[in-house]
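In full-length UniProt numbering, the protein residues as written are 1 to 430.
Below you'll find the structure, written out as structure tokens, and then a few comments.
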Amino acid sequence: MELVSLIKKKNCKEAIEKIKEGYDLEYVDENGCTCLHYASSEGLSEIIVAAAQHGVDIEHSDEDGETALFKAVKNSNIESVVALVAFNATLNVVNNKGQSSLDIAVAQKDSSIVELLCSLGSSVTIDDWTVGGVDVDILNKEDQNIMKILINQLEREAENNYGNNAFGVCYVNPGEDILIFTDITLNTDNIRTNFFLCCSKIIPEYTDISIHLGSEDRIFSDVYEIKTWGDTPTYLELNISVLGFVEENQLVVIMPLEGSVEGKISGQSFKDGEHAEEYTEFDIKIDLTRLKTAKFVILSQLRQEEFDVTQEAVKIIPQSESSAEICIPKGAFKSSGKLMLNVADTNDWNSEETVLFTNVIDLTMQNKAQPDKPVNVKLPLHSLTVPVDDCILIASHKDIPETVNDWEICSTNITIEGNMVSFCAEHFTW
Numbered sequence: 001m002e003l004v005s006l007i008k009k010k011n012c013k014e015a016i017e018k019i020k021e022g023y024d025l026e027y028v029d030e031n032g033c034t035c036l037h038y039a040s041s042e043g044l045s046e047i048i049v050a051a052a053q054h055g056v057d058i059e060h061s062d063e064d065g066e067t068a069l070f071k072a073v074k075n076s077n078i079e080s081v082v083a084l085v086a087f088n089a090t091l092n093v094v095n096n097k098g099q100s101s102l103d104i105a106v107a108q109k110d111s112s113i114v115e116l117l118c119s120l121g122s123s124v125t126i127d128d129w130t131v132g133g134v135d136v137d138i139l140n141k142e143d144q145n146i147m148k149i150l151i152n153q154l155e156r157e158a159e160n161n162y163g164n165n166a167f168g169v170c171y172v173n174p175g176e177d178i179l180i181f182t183d184i185t186l187n188t189d190n191i192r193t194n195f196f197l198c199c200s201k202i203i204p205e206y207t208d209i210s211i212h213l214g215s216e217d218r219i220f221s222d223v224y225e226i227k228t229w230g231d232t233p234t235y236l237e238l239n240i241s242v243l244g245f246v247e248e249n250q251l252v253v254i255m256p257l258e259g260s261v262e263g264k265i266s267g268q269s270f271k272d273g274e275h276a277e278e279y280t281e282f283d284i285k286i287d288l289t290r291l292k293t294a295k296f297v298i299l300s301q302l303r304q305e306e307f308d309v310t311q312e313a314v315k316i317i318p319q320s321e322s323s324a325e326i327c328i329p330k331g332a333f334k335s336s337g338k339l340m341l342n343v344a345d346t347n348d349w350n351s352e353e354t355v356l357f358t359n360v361i362d363l364t365m366q367n368k369a370q371p372d373k374p375v376n377v378k379l380p381l382h383s384l385t386v387p388v389d390d391c392i393l394i395a396s397h398k399d400i401p402e403t404v405n406d407w408e409i410c411s412t413n414i415t416i417e418g419n420m421v422s423f424c425a426e427h428f429t430w
């Protein structure tokens with residue numbers, strides 16, 4: 001009773017001392033409430049943490065069948081909701097009236113709490129304004145916002161159930177690296193204070209990511225969202241594993257959708273199992289000095305390389321096909337210019353039988369000039385068992401060949417040495 005009295009007076013320091021001294025956290029007052037109910041009502045997240053760490057029953061219900069989570073929701077205490085979920089409070093439990101905490105937030109038209117609960121995985125019920133049959137346009141602006149959150153959550157719930165979306169909340173302690181998901185780790189080397197962290201990853205189809213993409217952008221990862229509460233650090237460092245390898249002919253871009261995010265590739269890894277999988281590792285840094293939240297996605301783009309070409313001989317080794325060579329002889333071009341080079345990976349284009357033995361290489365002079373002398377090209381082969389007599393070289397002068405007639409068989413000598421094929425290119429793409 002003394003502890004509850006201290007909490008009602010918001011005397012956090014003494015209340016936490018009582019908890020640490022071993023005060024009876026199972027005490028229940030005449031309303032069936034524990035100290036956790038009152039701490040949640042008052043928005044005292046530090047007391048919630050202390051009580052949870054000392055074994056309080058997070059799921060204890062009062063005489064109305066309401067857990068501490070209900071009290072936090074009813075009083076719009078966002079950080080208290082986060083704290084309770086961080087210590088495994090159940091979101092979809094219902095009270096004696098059959099209401100969930102989300103039902104109550106919707107009834108109170110508390111859009112911030114509704115959005116938070118949905119982001120943490122609360123289930124939308126048919127009673128939440130009979131979501132499926134409401135004309136959103138006839139609602140006022142506040143109600144429209146809540147309805148859109150609920151409709152979006154309904155669409156995402158199936159993916160949540162199948163595990164395609166993931167979300168987690170944790171209480172961060174300095175010096176303890178945290179595995180948020182199996183593929184996301186928080187590095188705490190720079191962290192000196194405790195705070196709450198919510199991380200979610202959502203498959204792109206259920207976001208508005210498409211409006212942010214350029215014509216050359218390809219989505220490489222899920223959409224990640226980070227939210228923090230409390231005494232947060234100035235930045236966060238995450239290591240993220242993304243399914244798939246970045247090919248030599250690709251660049252990756254970390255695209256912030258909210259907040260300040262930057263990152264780079266830190267490595268690649270294989271994971272054994274029933275189906276071996278390849279992953280690309282990323283080091284991500286999130287600046288929290290201005291915003292306490294961030295949202296981002298990793299994109300891939302086709303790597304386009306540029307090389308200076310003069311009248312002198314030059315050997316070019318592209319990054320996008322590091323085993324390849326393009327040898328331009330002296331006098332092949334009458335004036336200086338820039339060579340634009342693209343490589344398209346054809347490994348996945350082959351089906352049961354290998355038909356394409358190399359990647360496609362696109363060579364274009366920026367000024368549209370054509371070589372006056374044959375240019376020797378060497379490319380790595382996909383297969384080491386390719387007889388030279390089985391090879392033909394096809395080429396197109398068009399930037400985007402659209403029909404079979406846009407391609408021609410080149411009458412040039414082809415030689416194979418080891419895993420390399422050599423031939424002469426007599427014209428470039430226009």
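For glycine and all other residues, C-beta sits at the position ideal for the given N, C-alpha and C.
From a predicted model like this one, the values you see are computed outputs, not experimental measurements.
Rounded C-alpha distance that separates residue i from residue j
i, j, result
"GLY132", "ARG218", "Because the pLDDT of GLY132 is 47, which lies under 50, any placement of that residue in the model is unreliable, and the number read from its coordinates should be weighed accordingly. The alpha-carbon atoms of GLY132 and ARG218 are separated by roughly 33 Å."
"VAL375", "LEU384", "24 Å"
"ASN190", "SER260", "17 Å"
"residue 495", "GLU281", "In the structure as shown, the chain starts at 1 and stops at 430, and residue 495 therefore has no counterpart that could be examined."
"LYS295", "GLY230", "19 Å"
"CYS198", "ASP177", "15 Å"
"GLN153", "ILE48", "28 Å"
"GLN370", "PRO329", "13 Å"
"HIS427", "HIS397", "7 Å"
"ILE326", "ILE400", "21 Å"
"LYS285", "VAL106", "35 Å"
"ASP287", "GLU312", "48 Å"
"ASN161", "LEU236", "29 Å"
"ASP362", "LEU341", "6 Å"
"LYS373", "ALA425", "9 Å"
"LYS264", "PHE220", "14 Å"
"LYS141", "THR232", "32 Å"
"GLU21", "ILE226", "35 Å"
"ASN347", "ILE298", "23 Å"
"THR293", "SER119", "13 Å"
"SER241", "ALA332", "46 Å"
Bridge partners - residue i, DSSP secondary structure assignment
i, result
"ASP287", "TYR235 and SER260"
"MET340", "GLU306 and THR364"
"LEU25", "LEU25 is not bridged to any residue."
"GLN250", "LEU302"
"GLY230", "PHE195"
"residue 435", "The structure shown does not extend to residue 435, since the chain spans only 1 to 430, so no value can be given for it."
"LYS271", "GLU277"
Residue range of the unbroken alpha helix (DSSP H) whose run includes residue i
i, result
"PHE70", "68-74"
"LYS378", "Where LYS378 is concerned, there is no enclosing alpha helix (DSSP H), although the beta strand (DSSP E) it sits in stretches over 375-380."
"VAL106", "101-107"
Limits of the unbroken beta strand (DSSP E) element including residue i
i, result
"ASN187", "184-187"
"MET147", "Where MET147 is concerned, there is no enclosing beta strand (DSSP E), although the alpha helix (DSSP H) it sits in stretches over 141-161."
"TYR171", "166-172"
"VAL56", "Looking at the DSSP string, VAL56 is not in any beta strand (DSSP E), and its letter there is neither H nor E."
Environment of residue i [buried if 16+ CB atoms lie within 10 Å]
i, result
"GLU417", "exposed"
"GLN366", "exposed"
"ASN413", "exposed"
"THR289", "exposed"
"LEU69", "buried"
"SER411", "exposed"
"LEU415", "Residue identity differs from the one stated: residue 415 is Thr in this sequence, not Leu. Exposed is the call here."
"ASN77", "buried"
"GLY244", "exposed"
"LYS18", "buried"
"ALA39", "buried"
Inset, instruction - Count the C-beta pairs between the region 110-117 and the region 159-167 that are closer than 8 Å, then say yes if the count reaches three, no if not. - result: no
Inset, instruction - Could you tell me whether the region 25-45 touches the region 5-16, where touching means 3 or more Cβ pairs closer than 8 Å? - result: yes
Inset, instruction - Check whether the region 310-322 touches the region 248-257, counting contact only when three or more Cβ pairs, one atom from each stretch, lie closer than 8 Å. - result: yes
Legend entry - Inter-stretch contact (C-beta, 8 Å, three-pair minimum) for the region 87-97 and the region 206-222: no
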